[in-house]
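All remarks here apply to the structure that follows.
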Amino acid sequence: MRRSRRRGGRKWLTLGRALLIVIIAAGVGLAYLVSLYAPGCNVPGFPFPFAGSEGTAIHIHPYLQIVINGQNVAVPAGVGIVKSGTCFQPVHTHDASGVIHVESPDTSTQYTLGEFFQIWNATYHAVTINGANYPIIFNSTDILGFRADANHKVVLLVDGTPSSEYDSLVLNSLDYCSASTTGPPCSPTAVGDPFYGGQQYPFRTGHTIVIEYQASG
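Quick note on our numbering: the sequence shown kicks off at 38 and runs consecutively.
This is the structure in structure tokens:
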């Protein structure tokens, strides 16, 4: 009888420990999911779910420069970051340097330049140029409300080479490039060792995207 009670007690102790491990694991898993896709961060108008922290499975930093009639237009800090810096879109900015941060837990999603402009628009709704507000929009015929016409055109350059992709340009392929003189031109990005899909990159440089509204001909 005593042996039977001991065996029964040990059995319940083992089951209790197993149940405790399951509960702890579930709690950790739930916390992880909440950090990736935070329901309290939901804000309408954005193309992607918000996360409570920055993803690391994909980590890319292309550099964006916008030039309107020869004048540089700064991309502001905080694009895609809301609620006092606690909620993140997978594509965002931390400063006004022009560096776009593509930081996501999902390596299967293709993030485009057009979606970055959607996020920018949802964050700030307008951009101020020379004291006037302009819409935040980008496509093959319009950059920030400056439209192509008989005398002007919208040009997209990637590492100095003209591109016809415009808002469909996929940012995923614009990961870190070699700083060697034989490689494409690269621009300085934020500090830190970048990586993509778990692979470390030795250079803190990213590909350069230039959108320019200029006179035709």
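Note that the Cβ used here is the ideal one computed from N, Cα and C, for glycine as well.
L150 has no beta-bridge partner at all, per DSSP. A252 sits in a strand when the DSSP states are folded into three classes. One Cα belongs to D204, the other to T160, and the distance between them is close to 18 Å. Between the C-alpha atoms of P99 and P86 there is a straight-line separation of about 22 Å. A94 carries a coil assignment under DSSP once its states are collapsed to helix, strand and coil. Of all C-beta pairs linking the stretch 171-185 to the stretch 136-147, fewer than three are shorter than 8 Å, placing the two stretches out of contact.
Contact between V195 and V104 fails: their C-beta atoms lie close to 15 Å from each other, not under 8 Å. In the three-state reduction of the DSSP assignment, D179 falls in the strand class, which pools E and B. Nearest in C-alpha terms to I156, of all of R184, P127 and G77, is P127. Take V110, set aside five residues on each side of it, and the residues of its chain with a beta-carbon closer than 8 Å to its own are I103, V104, V164, I166 and L181, in chain order. A94 places its beta carbon less than 8 Å from that of T144.
Under the three-state reduction of DSSP, I103 is assigned to strand.
Rounded to the nearest whole angstrom, the C-alpha separation of V119 and G254 is 42 Å.
Cβ-Cβ distances below 6 Å link S210 to nothing in the same chain once the five nearest sequence neighbours on each side are left out. In the assembly as shown, E152 is a buried residue. Its beta-carbon has 16 or more other beta-carbons within 10 Å. For K190, same chain residues with a beta-carbon under 7 Å away, outside a window of 5 residues either side, are Q251 and S253 in chain order.
T123 sits in coil when the DSSP states are folded into three classes, being neither helix nor strand.
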